[in-house]
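Sequential numbering from 36 applies to the sequence shown in the numbering used here.
Yeah, the Cβ is synthetic: ideal placement off N, Cα and C, and Gly gets one too.
Take a look at the structure set out below.
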Amino acid sequence: MSKLKVLGMQQEVVMVEKPKETKQETSTKSEPQSIDTLPGVGAATAEKLREAGFDTLMSLAVASPAELVEVCAIGESVAKRIINVARSKLDMGFETGIDLLKRRQEVIRLSTGSKAFDAMIGGGFETGAISEAYGEFGSSKSQIAHVLAVRTQLPVEQGGSNGSVIFIDGESTFRPERIKQIAESLKIDPIETLKNIAVARAFNSDHQMLIAEKTEDLIKQKMASDRPVRLIVVDSLTSHFRADFVGRGQLADRQQKLNKHMHTLMKLASQYNLCVYVTNQVMAKPDTFFGDPTAAIGGHIVGHNSQTRIYLRKGKKGTRVGKLVDSPYLADAECIFRITDAGLEDVEE
Ligand code: GTP
Ligand code: MG
Numbered sequence: 036m037s038k039l040k041v042l043g044m045q046q047e048v049v050m051v052e053k054p055k056e057t058k059q060e061t062s063t064k065s066e067p068q069s070i071d072t073l074p075g076v077g078a079a080t081a082e083k084l085r086e087a088g089f090d091t092l093m094s095l096a097v098a099s100p101a102e103l104v105e106v107c108a109i110g111e112s113v114a115k116r117i118i119n120v121a122r123s124k125l126d127m128g129f130e131t132g133i134d135l136l137k138r139r140q141e142v143i144r145l146s147t148g149s150k151a152f153d154a155m156i157g158g159g160f161e162t163g164a165i166s167e168a169y170g171e172f173g174s175s176k177s178q179i180a181h182v183l184a185v186r187t188q189l190p191v192e193q194g195g196s197n198g199s200v201i202f203i204d205g206e207s208t209f210r211p212e213r214i215k216q217i218a219e220s221l222k223i224d225p226i227e228t229l230k231n232i233a234v235a236r237a238f239n240s241d242h243q244m245l246i247a248e249k250t251e252d253l254i255k256q257k258m259a260s261d262r263p264v265r266l267i268v269v270d271s272l273t274s275h276f277r278a279d280f281v282g283r284g285q286l287a288d289r290q291q292k293l294n295k296h297m298h299t300l301m302k303l304a305s306q307y308n309l310c311v312y313v314t315n316q317v318m319a320k321p322d323t324f325f326g327d328p329t330a331a332i333g334g335h336i337v338g339h340n341s342q343t344r345i346y347l348r349k350g351k352k353g354t355r356v357g358k359l360v361d362s363p364y365l366a367d368a369e370c371i372f373r374i375t376d377a378g379l380e381d382v383e384e
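If you want it as structure tokens, here you go:
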């Protein structure tokens, strides 16, 4: 049933095309998912788990013992047992290549409005995955976030997804006036556009992690509507973590928390088939003699958790250059674009 929960959510989305059988399958198979059916888990523990958000077998099966210990105040051996029982009760079966192909076909690509940029990333920012943009100040990380927040709302034929947006704002960068401006240039209602963006300001790294976890309620609620959440922006992913964990002694803690945060985001991306766009700063690498003397914050943790990584920098004459750094199936490539009042635009060469 591991994949069922994941697919079940996605099936709700495609239900418009495939009505009856899917519905029935989801409802019958989702019954045994309740954590109350777990042998050896008493009512009090079940309640604690539920309060901490572990309300399905799937959520327990993919949890780590340390997570349960931390949030439910239970012993490690109990946590391990609960996880194991949840896993054994779930059909953690293999997916066939066909299943995977089907899931790939459900992926929606969100257009940036720049043909060159879209082409570089294989047609647009993918749902079901985390995409990371990193680069120095003014390299256009936040502008791309705003453009995506508007364009996600366009119909699929216009490169959108008919979706709504959650914007986790860690740097007070969200600008409603900019959203209005981009919407107006696309000739869509600016007020409606703003209504479809839920903004949450994160005050520190713990708060940011909590917000990410809490978004699931909103996502579930919107799932049944005609505007499911198709984009979560986290701008910036790393700045609070950088500020809250200073010094080498805290590096391991910071990385562990960042990893957990990104796992939360990854789960949301794949369970609900939505795009997670995160931004990240760079730091100077003083020991670099060849190549680019900058590196993304968060190191391997952030890198490995992002399916697509784009390095942004300033180009000639006010242009911006995007470089695809790490993609599972696309060749490394570059594109040049410009930020205008309308959003991202191609540069004629
Ligand atoms: P930091 O968050 O500081 O690390 O930078 P960033 O990468 O998020 O840069 P951001 O996306 O905020 O800005 C990129 C560029 O977009 C700026 O240098 C401006 O040239 C341009 N820009 C920002 N706001 C606007 C706007 O409202 N209209 C237009 N036309 N351009 C803008
Ligand atoms: Mg920014």
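Opposing strand residues paired with residue i [DSSP bridges]
| i | result |
| --- | --- |
| residue 202 | 234 and 268 |
| residue 144 | 161 |
| residue 372 | 355 and 381 |
| residue 314 | 168 |
| residue 329 | 319 |
| residue 133 | In the DSSP output, where bridge partners are listed per residue, residue 133 has none listed. |
| residue 345 | 168 and 359 |
| residue 187 | Answer is none; residue 187 lacks a bridge partner. |
| residue 91 | 69 |
Nearest-angstrom Cβ-Cβ length linking residue i and residue j, presumed shorter than 8 angstroms
| i | j | result |
| --- | --- | --- |
| residue 155 | residue 357 | 6 angstroms |
| residue 308 | residue 162 | 5 angstroms |
| residue 22 | residue 247 | Shown here, the chain extends from 36 to 384; a query on residue 22 therefore has no answer. |
| residue 262 | residue 294 | No, residue 262 and residue 294 are not in contact; Cβ-Cβ is about 31 angstroms, not under 8 angstroms. |
| residue 73 | residue 117 | 7 angstroms |
| residue 330 | residue 317 | 6 angstroms |
| residue 143 | residue 196 | 5 angstroms |
| residue 96 | residue 122 | 5 angstroms |
| residue 83 | residue 107 | 5 angstroms |
| residue 270 | residue 180 | 5 angstroms |
Exposure of residue i, with buried meaning 16 or more beta-carbon neighbours within 10 Å
| i | result |
| --- | --- |
| residue 347 | buried |
| residue 353 | exposed |
| residue 375 | exposed |
| residue 189 | buried |
| residue 378 | buried |
| residue 200 | buried |
| residue 78 | exposed |
| residue 351 | exposed |
| residue 336 | buried |
| residue 129 | exposed |
| residue 210 | exposed |
| residue 204 | buried |
| residue 364 | exposed |
| residue 367 | exposed |
| residue 286 | exposed |
| residue 198 | buried |
| residue 273 | buried |
| residue 281 | exposed |
| residue 44 | Here residue 44 scores only 35 on pLDDT, less than 50, and its place in the model should not be relied on; the value that follows carries that caveat. Residue 44 comes out buried. |
| residue 56 | A caution first: residue 56 carries a pLDDT of 37, below 50, which makes its placement in the model unreliable, though a value can still be read off. Exposed: under 16 other Cβ atoms inside 10 Å. |
Best match in the options for proximity to residue i [C-alpha to C-alpha]
| i | options | result |
| --- | --- | --- |
| residue 233 | 185, 223, 159 and 84 | 185 |
| residue 178 | 365, 367, 362 and 313 | 313 |
| residue 267 | 332, 182, 291 and 350 | 182 |
| residue 302 | 380, 145, 214 and 251 | 251 |
| residue 343 | 331, 330 and 359 | 359 |
| residue 228 | 218, 74, 121 and 101 | 218 |
| residue 283 | 257, 316 and 333 | 333 |
| residue 194 | 103, 221 and 115 | 221 |
| residue 310 | 273, 264 and 271 | 264 |
| residue 429 | 138, 114, 331 and 146 | The requested residue 429 is not part of the displayed model; the chain covers only 36 to 384. |
| residue 187 | 214, 167 and 81 | 214 |
| residue 164 | 306, 135 and 249 | 306 |
| residue 125 | 132, 70, 111 and 226 | 70 |
| residue 192 | 158, 216, 225 and 206 | 158 |
| residue 98 | 279, 108 and 114 | 114 |
Cβ-heavy atom distance, residue i to the ligand NAP, below 7 angstroms
| i | result |
| --- | --- |
| residue 208 | Absence of the ligand NAP is noted for the structure shown, with the ligand GTP and the ligand MG being the only ligands found. |
- prompt: Three or more beta-carbon pairs under 8 angstroms between the segment 163-181 and the segment 234-246, yes or no?
  reply: The segment 163-181, when compared against the segment 234-246, does not touch it at the 8 angstroms Cβ threshold.
With contact counted as at least three CB pairs below 8 angstroms, one residue from each stretch, are the segment 359-372 and the segment 144-152 in contact? Under the 8 angstroms Cβ criterion, the segment 359-372 counts as touching the segment 144-152, having at least three qualifying pairs.
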